[in-house]
Amino acid sequence: MITVGLDVGYDAVRMVAIDHTGSGPALHRIGAQSYDIPYSPEHLFDQPDDLTSAIRTVIETYGDPGWPVTIGIRNRFATFLMPQVEKRMKGNQREEWLRWEAGHFVDDSLDHYILDSDLMGYQTDQTEDIFLVAARRDAVKTLQSLAETAGIAPAAMTVASIALINAFEKSYAPSDRETAALVHIEQACVDIIFLHDAQINLTVMPLDQGSGIASGLRSFGSQFKFLINQMPEEDAPNTVYVSGAQKRLQKLCSEWGEQLNRRVTLMMPFQNMEIPDPLQKPLKHINQAAFMIATGLAFQKLD
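The opening position of the sequence shown corresponds to residue 707 in my numbering, with each subsequent residue numbered one higher.
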């Protein structure tokens, strides 16, 4: 079975198709289409024709009508970790409690959001950790409309943070004891996901671009160092994995490795995957780290 991850990013639409074979996943196709101009998070949907054109071009060039597609929702305030939720809460009681909790994290009426939840795998006999997703209705409807206009019907939708975790777990198969930080660089923001003892914590830090992207990333490095230094040593990440669309990621990894006094490495999405010979050469000439979210979307479980 072949599944497709479609990442509608701030600078381009990226697609990854994965063939789920009996011997394991294999990269089937990969492609991208840049926009006329990059967009900020606040203005991603200001030019829907540009996005629709990019989606249609990617699907027509690299996709197939019979492949199910999962589209990523870029919504910065969409994911929350609810730790140690009591298992005894069932049905409507749990749903009402999650809605009440979500109301503490959003700056608008919950009527403007679509809520969904999923188990994060860490649990005891009495409790379990839950990932709560609160995606804005207008963002979901806009993406659905863009996809339909481009001629595709998404098989599923999820937010980018969950897709990033999916891609990391599939690419690196971390152990429950591994302590790591995922740093994904986006327009104006950096998403940080801490993984420790099978638990997940998400943080978003603004990226000051007033003096240019290079200056903003250097400033972020100092803030990130301060954040790590405030953590207990046993909770601080041993390894920092970096991904994003920035072209200077390899240099950043070197700079941050010295600054943070930790191993900092470029996050690559196709580590535990068969790569067919025709794709070996093209992969050497692209920023593979920019396809982390698209890869995680392709691994998303379909309903």
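Glycine included, each C-beta is placed from N, C-alpha and C at the ideal position.
Being a predicted model, the structure only gives us computed values, none of them experimental.
- Taking Ser-740 as the centre and dropping the five residues before and after it, the same chain places the C-beta of Asp-717, Ala-718, Ala-760 closer than 8 Å to its C-beta, in chain order.
- Met-863 sits close to Leu-849, with the two beta carbons spaced by under 9 Å.
- Val-846: member of the alpha helix (DSSP H) spanning 843 to 855, first to last residue.
- Secondary structure note for Ser-729: it is in no beta strand (DSSP E), with a DSSP letter that is neither H nor E.
- In the structure shown, Pro-988 falls within a helical segment according to DSSP collapsed to helix, strand and coil.
- Asn-935 and Gly-927 have their C-alpha atoms spaced approximately 12 Å apart.
- In the three-state DSSP reduction, Val-764 falls in the helix class (H, G or I).
- Less than 9 Å separates the beta-carbon of Ile-919 from that of Gln-952.
- Closest by C-alpha distance to Asp-813, out of Leu-933, Ala-840, Glu-766, is Ala-840.
- If you look at Leu-923, you'll find it in the alpha helix (DSSP H) that goes 919 to 935.
- Secondary structure of Ser-881 (DSSP, three-state): coil.
- Secondary structure note for Gln-799: its alpha helix (DSSP H) is the uninterrupted segment 797 to 808.
- When secondary structure is reduced to three states using DSSP, Ile-981 falls in the coil class, being assigned neither helix nor strand.
- DSSP places Asp-717 outside both helix and strand once states are collapsed to three, so it counts as coil.
- Your pair Gly-737 and Val-764 checks out as a contact, with CB atoms roughly 6 Å apart and the cut at 8 Å.
- In the DSSP assignment, the residues bridged to His-902 are Gln-905.
- By the Cβ criterion, the region 874 to 887 is in contact with the region 973 to 983, since at least three pairs of Cβ atoms, one from each stretch, lie closer than 8 Å.
- For Ile-992, the number of other beta carbons within 10 angstroms of its own is below 16, and it is reported as exposed.
- In the structure shown, the three-state DSSP call for Leu-757 is helix.
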